[in-house]
Amino acid sequence: MTPSTPEAGFGGYLKEAIRAARFPTPTHFARAAGTDPSVVLRWLSGEQRPTIRSIERIAPVLGRTINEIVVAAYPDRVGGGPPAPPVTHPLVHDLGRILAPDSPVPEGDRAALEAVLDRMLEPYRKVLRRRRSA
């Protein structure tokens, strides 16, 4: 995955966040967030910024915190600088949604996926623990 050059403003931040959350289009994101696609397009163009209610609705869909999105949307009001790039891999968000209790994935499949991932990640957890304690 090659990082792209970030665009300026909230529109650029949102575009990157939508891409990182693996939505194929802004319309798919808008539908998942329960927001009108035309509103999302106005956010992307910089014509409009989201309200706090909209931010509360879109943050979990993007796998971001409300605070992070507020700072990205209103840096002039909260004294924040440009938003920091995401620190987690986009798959983290996907896995969180797949393994969540309200996921449409059947319980048995979620349990099997969790068991496989747990087994695969165990050797790496040990390496990371050693690195942290050093």
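Each residue of the sequence shown is one higher than the last, beginning at 1 in the working numbering.
Ideal Cβ placement from N, Cα and C applies to all residues, glycine included.
Stretch-stretch touch, CB-based, cutoff 8 Å, three pairs: the stretch 33 to 49 with the stretch 93 to 113: Short answer: they don't touch.
Where the alpha helix (DSSP H) through Pro37 begins and ends: Counted from its first residue, the sequence shown places residue 37 at position 37. Looking at the DSSP string, the run of the alpha helix (DSSP H) that includes Pro37 is 37 to 45.
Beta-carbon proximity list for Met1, same chain, < 7 Å, skipping 5 on both sides: Numbered from its first residue, the sequence shown carries residue 1 at position 1. Reliability fails at Met1, whose pLDDT of 37 lies under 50, so the model's placement of it is uncertain and the value that follows must be treated cautiously. Counting only Cβ-Cβ distances below 7 Å, and skipping sequence neighbours, we find nothing.
Coarse secondary structure for Tyr124, derived from DSSP in three states: Reading the sequence shown from its first residue, position 124 is the one you call residue 124. Reduced to three states, the DSSP call for Tyr124 is helix.
Sub-9 Å separation of Gly34 and Arg49 beta-carbons: Numbered from 1 along the sequence shown, position 34 holds the residue referred to as residue 34. Numbered from 1 along the sequence shown, position 49 holds the residue referred to as residue 49. Against a cut-off of 9 Å, the Cβ pair of Arg49 and Gly34 comes out as no contact.
Whether Phe10 touches Val61 by CB criterion (9 Å): Translated into the one-based positions of the sequence shown, residue 10 becomes position 10. Translated into the one-based positions of the sequence shown, residue 61 becomes position 61. 9 Å or more divides the Cβ of Phe10 from the Cβ of Val61.
Per-residue burial, Ile69 [other beta carbons within 10 Å of its own, 16 or more giving buried]: To locate residue 69, count along the sequence shown from 1; it is residue 69. In this structure Ile69 is buried. Its beta-carbon is surrounded by 16 or more other beta-carbon atoms within 10 angstroms.
Neighbourhood of Thr27 by C-beta distance below 7 Å, restricted to the same chain and skipping five residues each side: Mapped onto the sequence shown, residue 27 falls at position 27. Once the five neighbours on either side are set aside, the close Cβ partners of Thr27 are Pro37.
Ala17, buried or exposed, once every other Cβ within 10 Å from all chains shown has been counted against 16: Counting from 1 along the sequence shown, the entry for residue 17 is found at position 17. Burial call: buried.
Cutoff 7 Å; reference Pro90; Cβ partners in own chain excluding five residues on either side: As a first step, residue 90 must be located in the sequence shown, where it is residue number 90. Within the same chain, Pro90 has close Cβ partners Ala20, Ala21, Arg22.
Contact check, Val105 vs Gly63, beta carbons under 9 Å: As a position in the sequence shown, residue 105 is number 105, starting the count at 1. As a position in the sequence shown, residue 63 is number 63, starting the count at 1. For Val105 and Gly63, no; Cβs fall outside 9 Å.
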